[in-house]
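Protein chains in written order, with the numbering used here: chain C, -18 to 336; chain B, -18 to 336; chain E, -18 to 336; chain D, -18 to 336.
Here is the structure we will look at.
Number of protein chains: 4
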Amino acid sequence: MNLPKVKVGIVGASGYSGEELLHLLLRHPGVELSVATSRQYSGQKLTEVFPRFSHYPGNSGLNFVEPHPDEFGQHADLFFLALPHGVAHEYAGSLLRQGKKVIDLSADFRLDDPRTYEEFYEHKHPLPELLDESVYGLTELNKESIKSARLVASPGCYPTSILIPTTPLVERGLIHPDSIIADCLSGVSGAGKKASIPYLYVECNESLRPYGIPKHRHLSEIEQELSKAAKKKVTIQFSPHLVPVNRGILTTLYAAPKQELRSESSFVEFEKNLNDTYSDYYSESTFVRHLSNSGLPDTKNVVGTNVIEFGWKLDRRTGRLVLMSAEDNLVKGAAGQAVQSFNVMNDYPESTGLI
Amino acid sequence: MNLPKVKVGIVGASGYSGEELLHLLLRHPGVELSVATSRQYSGQKLTEVFPRFSHYPGNSGLNFVEPHPDEFGQHADLFFLALPHGVAHEYAGSLLRQGKKVIDLSADFRLDDPRTYEEFYEHKHPLPELLDESVYGLTELNKESIKSARLVASPGCYPTSILIPTTPLVERGLIHPDSIIADCLSGVSGAGKKASIPYLYVECNESLRPYGIPKHRHLSEIEQELSKAAKKKVTIQFSPHLVPVNRGILTTLYAAPKQELRSESSFVEFEKNLNDTYSDYYSESTFVRHLSNSGLPDTKNVVGTNVIEFGWKLDRRTGRLVLMSAEDNLVKGAAGQAVQSFNVMNDYPESTGLI
Amino acid sequence: MNLPKVKVGIVGASGYSGEELLHLLLRHPGVELSVATSRQYSGQKLTEVFPRFSHYPGNSGLNFVEPHPDEFGQHADLFFLALPHGVAHEYAGSLLRQGKKVIDLSADFRLDDPRTYEEFYEHKHPLPELLDESVYGLTELNKESIKSARLVASPGCYPTSILIPTTPLVERGLIHPDSIIADCLSGVSGAGKKASIPYLYVECNESLRPYGIPKHRHLSEIEQELSKAAKKKVTIQFSPHLVPVNRGILTTLYAAPKQELRSESSFVEFEKNLNDTYSDYYSESTFVRHLSNSGLPDTKNVVGTNVIEFGWKLDRRTGRLVLMSAEDNLVKGAAGQAVQSFNVMNDYPESTGLI
Amino acid sequence: MNLPKVKVGIVGASGYSGEELLHLLLRHPGVELSVATSRQYSGQKLTEVFPRFSHYPGNSGLNFVEPHPDEFGQHADLFFLALPHGVAHEYAGSLLRQGKKVIDLSADFRLDDPRTYEEFYEHKHPLPELLDESVYGLTELNKESIKSARLVASPGCYPTSILIPTTPLVERGLIHPDSIIADCLSGVSGAGKKASIPYLYVECNESLRPYGIPKHRHLSEIEQELSKAAKKKVTIQFSPHLVPVNRGILTTLYAAPKQELRSESSFVEFEKNLNDTYSDYYSESTFVRHLSNSGLPDTKNVVGTNVIEFGWKLDRRTGRLVLMSAEDNLVKGAAGQAVQSFNVMNDYPESTGLI
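Here it is, written out as C-alpha cells:
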C-alpha cells in the first residue's frame, strides 16, 4: 500500500505495550516513526535495545530520547503514550497544547467523571477538563467519535474482553446488566515489565491465583461503559486471576437473560436474538470473531493478532447465559487496539498494519 | 511410626493418579504394597517403569501384573482403583465378592441414583445395587460413614474444590444454593495420561481455554452432595477451564447470601457467621486451610500436598460472596484424598503418610 | 507490493510446519494459495480448521482436499511438501513429472548419497535419481543453485542452526571440523503434531531431557554439508535435547581453532578473522544477525521471525571457540526458510512475505 | 524413627534454598528447628510467611528473627547458612567462635586457595584461615572428612551435576580431564529469589539463553575438585544456560577417553571399565542413580528428590564419551545435599529426612 505517512512518536517505548507498539508501527505502511522516548534507554539505538526489530522496514536508525515533551513534541504529529497510570496525563496535556494528537494507553483519560476516578485511583484527577474531551477508544463501538478525536483513551485489556461481548446485549436489553459476573484470566505481561518478586518466573510458573478481588480499578471503566449502554447505573462482579502464560486474556461471563425462558422454543428464540444482535453489531468488524454457540474460544487462536473471539452457551438447566472471550492483552487489549484507533483517526482502512 | 501394615493393591497404577498413589503408598508406614496392576507395563519391574521410586522404603521389587481380579485379588486386603470411569466397576464388583475392601478413584460409584448416572454418563449403570452401599469419600464431611465402608467412592477433583467451601454454607442456610457459580481452572494432569492432540505440550502451553460448558459430568456429584446439604434439589453453574500447569485446581465461586445485607453491620455479622461456620466444620481438619477474608489462595501453596486452602471476600458493592479454593488435583483431588479415606478405614491418624 | 502471483499448493497443511506455511503464504504478496491438502481435514474449510487465519488477506475460502497428486497437481505451479520423512518423495516424484516445482521440507532429498540415506534412515532411498538434482535449500550459502532449482530440499531445523555459524569457518579453514560438538535445545513443536505420550504437556513441562544421542538422523545432512565445506569427510558430535518451550532452537557449538593461539595478540587476530569471515559471508543476509563476541543469543529474540542470530566467545583459558545460535525451528528452521527459497526461485526480494 | 534431636538454625530462610531447607528440616526426625532468621520477615511467624508449612510436624510456632549472630547463635548447636555469596562468611566466623557447627550453602568456603577465590569472585577472601578447615560437602566423595567437620562448604548446584559423573573417571585416569566440556541447563530458581527484570516470568518463559560464558564463577570449585582427582591442574569448558523450568539441572558432558579405542572390543572393554568404576564409587550411594548406557536422564525423574541420576553413551563414530546427569538444583544441588552432610555429621543414616 502506498499511504501518506503520519509522523508518529511513542512515549514510554520500553515496557511491554511500548515494545508491541514498536513491533506494529515499524511495519505500518502509514507511519513514519520519528521519535521514541525511554528514560531507561535514552541515548541508545532502538535496535540495540530491541535487536529483534533490526530488520524491520521502518527502522530508521532511531535513538531513544529522554521523555521531555517540550523537546520531543516537535518531532511528530501524533503520539502514543505507553506510560503507567498517573503519569500519562502530564504528557497528554503538554502535547495537546502543542497541537498534537494523542492516543493514551493508560487509564488516565478513560473515565468521564473525576469523582469515579478519585474513588478508584485514590487521588484527585489532575486534568479533569480533559475527561470531557477524551474519547473511549473501543473502535467497534465508538468509531465515529474516534474519527475526529484529539485525545483517545485506549481501553484496558480486561474491559475490552468484557465490553465486546456484553455491550450489545445490555444496549438491546437482552440481559440484566447487574447480573453480570466477569471471571477473567490474564497472562503475566498484563502486570507490566517491572522488577517485582510476585512476577518472577518461579513465582508465576505452576501457579494459579486470584488478585484484586472484589474491587479492581478496571471496574470503573467497565461499569461506566455498561451504564451508558444500559442508560442506568450498572454494578458488576469482576474477578481477575493471574495464570502462567506470557500473553492472553480469557474471560468467562455469566448473565441472566431479561426474558423469562421456560420452553425450549423460548431458548431457541433467545439464541436467535443473540445471533442477530451480534451480527448487527459486528458483522463488519474485522477483528471480532463471533463463534456463536458452536465454538469455544482459546487464547492460542488470537495471541499475536488484534482479534478478539467469543462464543456463548445458553444453559437449559440454569437459564443462565455463559459468554467466553479470548484476546491478546498486548494487542487487542493494548497496542493493537491503539493502532486501530490511529487508523480510524487517519482514514486508513481499520486493519492497516494489523494483519 | 510402627503401625500394623495393611496389604494393599493398586489397580491401574500407570496413569497420573496411579503414579501418585505409588508415591504415597510406598512411603506410608501402615502399608505393604503387595500388588500393582498395569496392562501396559505387565511383567516389568515397578522401578523400571518409574525409576524415581527406586530409593523409596516400601519398594520391595514388585512387578506389575495383568489386571485379572480373580488372580491378583488374593494378594491384598484392600484395593485402590485408579481406572477410567466405566471400567472400575467390574473390578470393584469382583473384589468385593472376594471379601476385599475397595477405594475407587473413578466416578463409577459416586452417584446414589442410577438415573442421574445414566443422564450424565450416557449409559445404564451396570451395578446399581452397589450405589446404595458406596460411601462418598470426602473425609472432612463424611468421616463416620467412611470408617465402616467396604466401598468408598473417592470424590472428583473439581467436586472437592467446590464442596469443601460451599457445603457448610448450604447446610447452614447461609447462601442460596441455586445461586452458586463455580468457575474452575485445572492443570493438564486432570485430563489423564492419554495420547491425544489437545493435550500435547504445544497445544496446552500458552493456551487458556474453557471446555465441557455448560454440562460437565462432575456436575452430577456436586449437585447430589449440595442437594443433600440443602435438603432440596440444587442446580448450579459449573465452568471448567484448562490452563497450562501440570497440577492444581483453582476454583472461584460466586453465591448470593440468603440474608439481606443492607448495612455495614449486617455485612460484618455475616462475615462472623462465615468464620464461625467454617471453624465449626474444619477447625479439626488437618488438610483444610481456611484463609478467611484475609488471604487469597494460590495453587503453588498446595501443590504436592493434601491440603485444600480457601478464602473469601464479601463484596459490599454487589452483595455477593466470592469464595476461592486451591488444591492439587492429583493429591487432595485424587490419590491423597483416597489415602485419607484409607487412614480413616484403618483407624490410623488421618494424616498418616500424607505429610 | 504489486507482484505477479504464483499459484502455490501446500501438501500436508495440518502439521506445525504446514500451519506455519499457511500463516506465511496467506499473507505473501506474490502467492495465490490455490490448493492445500490434508488427509485429516479433507473437505473442511481451511478457516474452519484454523480460525485464526479467517481475517488473512489471502484466504479465498479454500477447502482442504485429499492428497492425490494426480488430481491436485493441476491446480498450482509450485508445491510445498510439509510431510513426514519417507512420505514426501512419492509426491515430489509425481509433481515433478507433471512439470511442477517442489520445495520439500522433509529429509527425503537432502542427502546426495543414497548409501548415507540408507545408513541413517534405515531403508533404501526410493528415488535415488532425484538426489542428484535436488538442491539443499540454505539460501545464505546456496543461493545460486536455488535460483534455477526444480526441487529444493529445505534443510532441517537443527542443521540450519549448526551450519550457519560453522560453514564459513570450516570453508576458510579456521577451525578443525572434527572438533565440532553441537549441543542443541529444541522446543516441543520440533517433534511434530502427533499424539504421543512423551510429548504430552505434563510429560514435557518441567522436564529437561536429552534424546537421540549419539547418532541422530540430522547428523547425516550436517556432516554432508560440512564435508563439502572442508573438502574432506567430517564427523561431528551432535546432542539434541527437548526443553519446554513451544518454539525455538538454541545451539551451543564447541570447536578448536586450527591456528595455535598462544598470545593475547594471536587471540585478538583470530577474533578479527572471525569477524571478517562472517562479514564476508553474511553482511548481505537479511536473516542472519551476527552478534560477534559482544552479545549472546536468546530464542525469544527470534521466535516468530525468519532470523537466525548467533554470537561467539573465544575462551582464553581453554583456547576453544564457543559459538551460540538461536532460531525459530518452525520459521528459519522450516517454513520460513522454505519461503525464502521460494522467493529466490521466483526472483522476488528474499525477504518478501517474511517481515 | 526416634532419633535424638539436634537444635538447628537456618540463617537466611526466605530465599529458595532457605525455603527448601525449611521444607526438609521441619519434617526431619532428628531436628528441632529452634531459630530461623530473615531480615525481610523478622518478627513474622514462619507459617504466616510460608502457609504451606502450617501442617508440618516440626512447626513449633517459630517467628523469624533478625540475623544478629551474637543473639541467635545461642539458640541452636548447628546452623545452615542460606545466604548470598560474600555474606555468609561473617556469620560463619561468628558462629564458629561461639562453638557452633556450620553448614554453608554459599560459595564462601568452597575454595582452598584464597588466590583462586580472588580471581573468580573479584575481591580478597575475608577469612582465608577458614579455607583450610572447611570441608567440601559432597558426601558421595568426601564422607569421612564431613563426619568430623566443624565447617562444611556445601557444593554448588552445577558443580554437583558435573563432579558426580566425572570425578571417578578422572581419578581412575579413564578420561583426559582437560577435554571435559560441561554444557548445563538450569531452571530459574537457580538465579535466586531476587526482583530483577531478566528473571521475570515473561522474560524467561519461552526463552532459551546461554549466560556467564566462558568463565562462570562455579568453574573455580569444579576445576579445584577435578584437579585433586587428577593430581594435576585441570582446566575445563563450562557453559551454563537458563531454561524455563522452576527446578532442575540437566548437564551434558563431553570427554575424550585416555585409552585409544580402535576396535569394537576396545569400546566394549572401556564400557565395562566405566560400569565397574561407577559401581565401585556409587553402589552404596542411596542418592546416585547410575543409568549406565541403557537410559537417559530427565529432570522430571529427580525434581523434588535428593537423587542425581546419570547415564552415558560411548560414541563409536567420534570416540567421545557423552555423559548426562539430572538433579534438582534446590535439593541435591543445595538444601538436600546440605541435609545429607548434616546426617553424616550427626551419625544419622545418610537418607534421614530425605526420602
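Just so it is clear, CB atoms sit at the ideal spot from N, CA and C, and this is done for glycine as well.
None of these values were measured; they are calculated from a predicted model.
With contacts defined by Cβ atoms closer than 8 Å, Val183/E and Leu132/E do not form a contacting pair. The beta carbons of Val283/E and Asp257/E sit about 24 Å from each other, so the pair does not count as a contact at 8 Å. Looking only at Leu304/D, Glu71/D, Gly24/D, the smallest Cα-Cα distance to Ile194/E is reached by Leu304/D. Of the residues assessed, Gln79/C falls on the exposed side of the cut-off, its CB having fewer than 16 other CB atoms within 10 angstroms.
The beta carbon of His4/C sits closer than 6 Å to no other beta carbon from its chain once the five residues preceding and following it are set aside.
Counting along the chain, the unbroken beta strand (DSSP E) around Gly(-10)/B starts and ends at -13 to -8. Under a 10 Å Cβ-count criterion, Ser170/D is classified as buried, with 16 or more other Cβ atoms of the shown protein chains found around its own Cβ.
Taking a 10 Å sphere around the C-beta of Gly24/D, we find fewer than 16 other C-beta atoms and assign the residue as exposed.
Counting the other Cβ atoms within 10 Å of the Cβ of Arg96/B gives fewer than 16, which makes it exposed. At a cut-off of 8 Å between beta-carbon atoms, Glu0/C makes no contact with chain B.
About 24 Å separates the CB atoms of Ser220/E and Glu121/E; that is not less than 8 Å, and the two are not in contact.
At least 8 Å separates the CB of His9/B from every CB of chain D. Secondary structure note for Val269/C: its beta strand (DSSP E) is the uninterrupted segment 269 to 273.
Residues of chain E whose Cβ lies closer than 9 Å to the Cβ of Val169/B are, in chain order, Leu181, Tyr182, Val183, Asn186. Contact annotation for Tyr37/E against chain C: Ile336 [CB-CB distance below 8 Å, chain order]. The alpha-carbon of Asn287/B is positioned some 59 Å away from that of Lys(-12)/C. Chain C has no Cβ within less than 8 Å of the Cβ of Lys(-12)/D.
If the five residues before and after His70/C are omitted, its C-beta is found closer than 6 Å to the C-beta atoms of Asp89, Pro107, Leu108, all from its own chain and listed in chain order. Short of 7 Å from the beta carbon of Ser322/D, and not among the five residues preceding or following it, lie these beta carbons of its own chain, in chain order: Ile84, Gly118, Thr120, Ile127, Val133, Ser135. For Asn282/C, a Cβ of chain E is located within less than 8 Å of the residue's own Cβ. The closest CA to that of Tyr102/E, considering only Leu200/E, Leu59/E, His56/E, Leu64/E, is found on Leu200/E. Contact between the region 209 to 217 of chain B and the region 207 to 215 of chain E is not established, with fewer than three Cβ pairs separated by less than 8 Å. Pro10/D and Arg153/D have their C-alpha atoms spaced approximately 38 Å apart.
When beta bridges are read from the DSSP output, Phe219/C appears opposite Ala163/C.
A Cβ-Cβ distance of about 14 Å is found for the pair Phe291/C and Ile161/C, leaving them out of contact under the 8 Å criterion.
At a beta-carbon threshold of 9 Å, none of the residues of chain D lie near Pro65/C; the nearest stands roughly 16 Å away. Apart from the 5 residues on each side of it in sequence, Tyr139/D sits with its Cβ closer than 6 Å to the Cβ of Cys165, His199 in its chain, given in chain order. With respect to chain B, the C-beta atom of Thr299/D has no partner C-beta closer than 8 Å. Residues of the region 12 to 35 of chain D with a C-beta less than 8 Å from any C-beta of chain B: Pro32, Arg33, Ser35, listed in chain order.
With fewer than 16 neighbouring CB atoms inside 10 Å of its own CB, Ser244/B falls in the exposed class. Sequence-distant Cβ neighbours of Ser275/D in its own chain, meaning closer than 8 Å and more than five residues away, are Gly292. A distance below 8 Å separates the beta carbons of His222/C and Leu231/B.
Three or more beta-carbon pairs separated by less than 8 Å link the region 14 to 22 of chain C to the region 46 to 60 of chain C, which places the two stretches in contact. Closest by C-alpha distance to Phe31/B, out of Glu1/B, Phe60/B, His56/B, is Glu1/B. DSSP places Val68/C in no alpha helix (DSSP H); its state is neither H nor E.
Of the candidates Tyr(-3)/D, Arg8/D, Pro238/D, Arg8/D places its Cα closest to the Cα of Leu(-16)/D.
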